[in-house]
Amino acid sequence: MSTALLERNKESKEEELSPMNQQIEKATKISVNDLNLFYGDKQALYNISIDIQEKQVTALIGPSGCGKSTFLRTLNRMNDLIDGVKISGDITIDHENIYQSHDVIQLRTKVGMVFQKPNLFPMSIYDNVAYGPRMQGIKSKRELNRIVEESLRGAAIWDEVKGRLKTSALGLSGGQQQRVCIARAIAMKPEVILMDEPTSALDPISTLKVEELIAQLKKDYTIVIVTHNMQQAARVSDKTAFFLNGEIIEYDVTKKIFSNPKDQRTEDYVTGRFG
Amino acid sequence: MSTALLERNKESKEEELSPMNQQIEKATKISVNDLNLFYGDKQALYNISIDIQEKQVTALIGPSGCGKSTFLRTLNRMNDLIDGVKISGDITIDHENIYQSHDVIQLRTKVGMVFQKPNLFPMSIYDNVAYGPRMQGIKSKRELNRIVEESLRGAAIWDEVKGRLKTSALGLSGGQQQRVCIARAIAMKPEVILMDEPTSALDPISTLKVEELIAQLKKDYTIVIVTHNMQQAARVSDKTAFFLNGEIIEYDVTKKIFSNPKDQRTEDYVTGRFG
Amino acid sequence: MASLPIENQTTNNRKSNKKKYFLENVSSKVFLFCALLSVFSLLLIIGFVFYKGSHPFIAEGYSFIDFIFGTDWVPSEDQFGIFPMIVASVYATIGALIIGVPVGLFTAIFLSELAPKSMAKIISPAVQLLAGIPSVLYGVFGLAIIVPFLQNNLGLAKGQSLLAVILVLAIMMLPTIVTVAETAIRAVPKTYREGSLALGASEIGTIFKVVVPAAKSGIMAAIVLGLGRAIGETMAVILVAGNSLIIPTSLTDSMRPLTTNIALEMGYAFGTHQEMLFATGIVLFSFILLLNFVLAKISSRGGN
Amino acid sequence: GGNNENEAGSLNEGKDTISISGSTSVGPLAEKLAFNYEENQDVNIEINQIGSSAGITNAISGVSEIGMSSRDLKPEEKESGLDETVIAYDGIVVVVHPSNKVDNLTTEQVKQIFTGKITNWKQLGGDDKEIVVVSREDGSGSRDAFQEIVGYTSGELVKSSIIASGNGNIKTTVATNEHAIGFISFEYIDESISTVKINGVEATAENVLRQKYSLSRPFLFVYKKDHLTDAGQQFIDYILSPEGQAIVSETGAISLH
Amino acid sequence: MRRFKDNLLRGLLWFSALLTVAILVVIVGYIFFKGFRLISLDFIFGDYSPTGGGGIWPMIITTIYTIVISLLIATPIGILAAVYLQEYAKQGRLVKMIRFATESLTGIPSIIYGLFGAVFFVATLKLGMSIIAASLTLTIIVLPVIIRTTEEALKTVPHQYREGSLALGATKLQTLYKVILPSAMPGILSGIILSIGRIVGESAAIFLTAGTVAAMPESIFSSARTLTVHSYLVTQEAGDIELAAAIGIVLIVIILVLNLLATFISKKLNKADY
Ligand SMILES: Nc1ncnc2c1ncn2[C@@H]1O[C@H](COP(=O)(O)OP(=O)(O)OP(=O)(O)O)[C@@H](O)[C@H]1O
Ligand SMILES: Nc1ncnc2c1ncn2[C@@H]1O[C@H](COP(=O)(O)OP(=O)(O)OP(=O)(O)O)[C@@H](O)[C@H]1O
Ligand SMILES: [Mg+2]
Ligand SMILES: [Mg+2]
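As they're listed, the protein sequences go chains A, B, C, D and E. One rule links them: number in this note's numbering = place in the first sequence (from 1) + 101. One rule links them: number in this note's numbering = place in the second sequence (from 1) + 101. One rule links them: number in this note's numbering = place in the third sequence (from 1) + 162. One rule links them: number in this note's numbering = place in the fourth sequence (from 1) + 3. One rule links them: number in this note's numbering = place in the fifth sequence (from 1) + 3.
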């Protein structure tokens, strides 16, 4: 299956895209085929088709409101929660159609998510991070302690919060909260991690740490990340998809997107000449 | 009064900083003197002293949790709302001590604010933007229409929302919401605008637009902006203060901070070598 | 980061997920069952009232029009006209709303937004205490304090009056309105308040323009529940209404609301008389439906 | 069966249980009778004061063994096979506020007051004050009896009259209103209100028994013959005995003898 | 002008609150003033006798029985029903109608519930006049209150919490009892407290279903008299306001204890109380 389908925009040249894909040896983890999504009557995604490779970082970029978050949320079926959302097309993860399977829980255990706005629960920091594992039935105090510490370290926040694990998570600064959110997702040891602008609230140092973390995580995990930060996309991702008005305009290895994009609009966007 | 006081960190060299300030001719708009702030028993700001110049953009940078937001919120007394906050020291705006005056409302009309997380009210877009002016007693429909359109244009969001001004503001994407927040602040025509990472949820294009807007606004307004984005600080600000652990480590003209900082820690931070 | 072997974990998940989905299924059935049970019991009551109350009109040839618009209620002489009571109920309810709702809401706003924490901590539970005082005692209070007060200060021959009813009902609505509305207002996110204050809105402006509208749904619930409490109240009203069978024309007239009629005579009623009291219940129910409908309309209009 | 609701009875060491429900006017008297009766007998008497009609309904349906009524049975109720026993008489007394100077009325005057022909105390030799009429609810035994003896119908009752439920409420209403006039049972007379002589006759039990004082009504026990247990019958017998009737007199009601 | 309006509104807020407090003080004060003379150990703990004034211990026990049983039934059903309406049901006409009917039923006078209970629970289900029949009737009376307040409380729980939890692979059920219900606890609690008030304050519905037997109930199938019914009877027939007020004092104390207990329990249940 081809990686970037631009059914509506006939400007794309599919045959040119295919060779690029062949350079990437990794297996396909997520395969999206002809996905359309409507919020009520309003179409938010048009004919999205994309293959996302295992153990790589795939970045989604594009202007505000173009549908990046919406697309990301189809991958763990978070859009199911919104009334009036209609979806057509297929999404398979590990060759399993996630919209046909009824096991959303397993899907969401496998596909972790970090949201745009930190959304910690009104509990202690510890309980927030231990939440997922507990829901999976892990009860051993020692095991939980280990997971919590490991996850918080992984999210580069351990040192800041280790003394106040039992205090409310909502007392943390925005950046701290977001890192705890990442820790909470990591604690589940998912296979895929979806990140919706995970560092938009972070300072450069934490951002760097999270980016390092991403680089490290991708050895084991498949990561899809939405970012507004071109440098970040360039730094962390292996492949990049450029969204515009609900369509994928271009999807390719990151280097190519940033150095030599096919589409004029992509070039305009990544060089900041857009709009 | 000297601009950067590093009472606790004796490494700083005050006498060296002073000459830099003299290059800046603008008058002092906000003057902060020996400010200490406690959340309950926990001290969040230490001996902050800083002069902020009129009709300039002052950027506050520093790692997450260092107190940037906290400091920003002292300038329009938003910290008054938090229980158990204790403040010592003086802040004067236009030579008036804002903690002695009892007219917080006038202060906040004069000092607008854009928050880290978009916090639109559950009303229509129009009502959100018209909220401040209405509170000021503006009733004329035409006048309000004009203000709303102007402000939304100013925040680079007019075209996206003009068709749905009367629909709920909460249906917008994160980026869109934040720009409406900026519009809402602009609608008040304040003298000072405080921005707490106003573009952290925006895509590069909107960010650029907002930055242009900031450049334009500073002709009339004094702007204080917290940002994690070094490039942004470098692009938009005239002066930059570097915060660390609740103190100002260095405060100087932006160019100096980024090209030739005095303090090793500042250098480490702005070059991303920190931590 | 070190991790458990992924496959291992996945199979674990699969196993336990079966149980989870089962639980999920069962629980949603249980929730549905509870909802249906509630609905069922409520339907039963409605059915019961309608069954009993419609009998005279269906089987005994009484005219429903005469029932609604008749002005004479003399059960022992087979006259069943409840028009004066309908008027009385409308007046009493509207009056109680006009006094009870603003006082209750304002108190709730005060407690959640203005009152110092320590003050709210004492007053809120104290107000909730009022909710548990038996209505008989409210009636006694009304009869012993409010009625003589009106009698003496307004120079009336009798203090049992529309005004006394309105005051007692307004008082009885208070705890419900205050408690429910206070909880709703407290739940409004802080960011709204911050956003508004940062725009130079005053504390009061913020409260009325942002916080209260954001809590609209809960406030409506407070009003509706408070109203229900007031309309459904009988024991207290019996004592202060006077229960006279006239169409009230002034606040100082004594009158008999629909509910009182039911409670007053049910103890001795028999046969058609009793059924007519149930019919009174139907009218009351329709009255409440109408009122709630109007309130819902008002609130949805106010929303935009 | 007549005792189907009384699972408690079987828990109670095999004691017999008599369940009685009905009139709130008869209730207090029945409670005292039961209280004394239980002291000497191995029996458990449950008394529920829920109103005459509900008590009669219970007696018919078998929820209660005996119903208490302060009004006469309606024809339909009699048709369903109820028997009745008068256990006492209840005198009804006209009461006014203690400050009221009027202390004697003729039956005709009472009638004119309650039908709205006389509207000011002045007309009766009292102060120049509007009369506020207080009556019981339609269907109430006291009211039925009162109206029958005084001689007016429910339809004639002055419309602006205050309707109070229960003797206590009439008493409280009259006690707090100088304008008011009402009627209550003998049992509830106390110093908060003052009583009015009817046709010059004082409202006392003797005068009722001597048939000088006409305002009275019977207190009834109603039951279905086949529901009545031996214990129930014995309790009724006890009430009708001199011992039981002595208690009746003690409580302020009028004994049968 | 704006300032004037602000001050006016602020004044009104203060005025309303003061008025409410004044009403509270006057009513509670009146009850205490009227009733405190009767309060004695014997009055509370003695055995009831129809001749003396006191001995309300059996009624205290009955009152507590009815509260506990009604709450034990109504709270779970009400909360779960609200959960269904708010979290599971499709928000359509039907749900709206259910909500509407529920609300409207709060205005039906309790004597009608009482008559219903007398026909349905007492006679049809053959429970007899008993504490259980009264409790079931009371359950129906307070259900709308619990459902409605719980629904409102659920509505105020931020959507992000649900998303956050579900995205972590938690089931809806887990999300519900770990995140949503704890966050909604204050609202639910106020519903429960109002219900306690409603149960305690009820008379008509109780004397028609539990009767007025003034003796210690042997079991929940016994007929018995609650404090409120007792105070109803003494005001209605005897006009003994002092006694009613004395009972009122006891009731106020009971409610106070129960409200504190409910608050305490909900705090215990709600570990997420930050
Ligand atoms: N729940 C919703 N109902 C209706 N429309 C929605 C909803 N959520 C998003 N949209 C619309 O769908 C479009 C895509 O939104 P989305 O949040 O996916 O954008 P995005 O690319 O993530 O933007 P941003 O970078 O600002 O987060 C936008 O036009 C938005 O207004
Ligand atoms: N309400 C509060 N109560 C207690 N501590 C707080 C509160 N708000 C902030 N803090 C603490 O004060 C310190 C400074 O927080 P602040 O929000 O000012 O950081 P920041 O520099 O804005 O960080 P970020 O870049 O992550 O937004 C942090 O350690 C934070 O945990
Ligand atoms: Mg987004
Ligand atoms: Mg901050």
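Glycine included, C-beta positions come from ideal geometry on N, C-alpha and C. From a predicted model like this one, the values you see are computed outputs, not experimental measurements.
- Using a Cβ-Cβ cut-off of 8 angstroms, ASP369 of chain A does not count as an interface residue toward chain C, since no Cβ of chain C sits closer than that to its own.
- For GLN207 of chain B, the enclosing alpha helix (DSSP H) stretches over residues 205-211.
- Annotation: GLN144 of chain A has no Cβ neighbours in chain B at a cutoff of 9 angstroms; minimum Cβ distance is about 15 angstroms.
- Put simply, the backbone Cα of ALA342 of chain B is about 33 angstroms away from that of PHE359 of chain A.
- With respect to chain A, the C-beta atom of LYS218 of chain B has a partner C-beta closer than 8 angstroms.
- Spatial neighbours of ASN61 of chain D in its own chain (CB-CB distance under 7 angstroms, excluding positions within 5 residues in sequence) are listed in chain order as SER24, SER67 and GLY70.
- If only complete runs of 4 or more residues are kept, the segment 199-253 of chain D shows the alpha helix (DSSP H) at 208-212, 233-243 and 245-253, in order along the chain.
- Rounded to whole angstroms, the Cβ separation of LYS174 of chain D and ILE184 of chain D is 12 angstroms, and the two are not in contact under 8 angstroms.
- Taking the Cα positions, THR396 of chain C is about 14 angstroms away from GLU140 of chain D.
- Contact check for ILE53 of chain D against ILE242 of chain D fails: the beta carbons are separated by 8 angstroms or more.
- With a 10 Å radius around the Cβ and a threshold of 16 neighbouring Cβ atoms, ARG209 of chain A comes out buried.
- Per DSSP, GLY190 of chain B lies in no alpha helix (DSSP H); the unbroken beta strand (DSSP E) holding it starts and ends at 186-194.
- Exclusion of the five residues before and after LEU266 of chain A leaves ILE226 and TYR227 as the residues of its chain whose Cβ lies within less than 6 angstroms of its Cβ.
- Distances from the alpha-carbon of VAL373 of chain C to those of C:SER358, C:ALA384, C:LEU387 and C:GLY362 put C:SER358 closest.
- A distance of 8 angstroms or more separates the beta carbons of SER193 of chain E and VAL330 of chain C.
- ILE268 of chain E and LEU261 of chain E have their C-alpha atoms some 10 angstroms from each other.
- Rounded to whole angstroms, HIS196 of chain B and GLN277 of chain A show a C-alpha spacing of 36 angstroms.
- Taking the CA atoms as reference points, GLY190 of chain E sits about 51 angstroms from PHE189 of chain D.
- Under the Cβ criterion of 8 angstroms, PHE210 of chain C is not counted among the residues facing chain D.
- LYS263 of chain B and TYR140 of chain A have their alpha carbons spaced roughly 19 angstroms apart.
- Residues are counted here when their Cβ sits less than 7 angstroms from a Cβ of chain E; for the segment 183-215 of chain D these are TYR191, given in chain order.
- The Cβ atoms of VAL399 of chain C and LEU305 of chain C do not sit closer than 8 angstroms to each other.
- Contact check for PRO299 of chain A against VAL205 of chain A fails: the beta carbons are separated by 8 angstroms or more.
- DSSP places SER274 of chain A outside any beta strand (DSSP E), giving it a letter other than H or E.
- The shortest C-alpha to C-alpha distance from ILE26 of chain E to any of C:PHE245, C:ALA288 and C:GLY257 is the one to C:ALA288.
- Remark: the C-beta of ALA145 of chain A is in contact range of ligand 1, defined as less than 7 angstroms to any heavy atom.
- Taking 8 angstroms as the threshold, the shortest C-beta distance from LEU359 of chain C to chain E does not fall below it.
- Assignment of LYS340 of chain A by DSSP, reduced to helix, strand and coil, places it in the strand class.
- For LEU299 of chain C, the secondary structure class from DSSP, reduced to helix, strand or coil, is helix.
- Remark: the C-beta of HIS329 of chain A is outside contact range of ligand 2, defined as less than 7 angstroms to any heavy atom.
- THR231 of chain E is not a Cβ neighbour of GLY117 of chain E, given a cutoff of 8 angstroms.
- Secondary structure within the segment 285-355 of chain B: the alpha helix (DSSP H) runs of 4 or more consecutive residues, fully enclosed, are 305-318 and 331-337 (chain order).
- Here the distance from the Cβ of CYS282 of chain A to the nearest heavy atom of ligand 1 is not below 7 angstroms.
- If you keep only unbroken beta strand (DSSP E) runs of at least 3 residues inside the segment 119-177 of chain D, you get 135-138.
- At a C-beta separation below 8 angstroms, VAL86 of chain E has no neighbours in chain A, since its nearest C-beta there lies roughly 16 angstroms away.
- Any Cβ of chain A closer than 8 angstroms to the Cβ of VAL98 of chain E would place that residue at the interface, and such an atom is absent.
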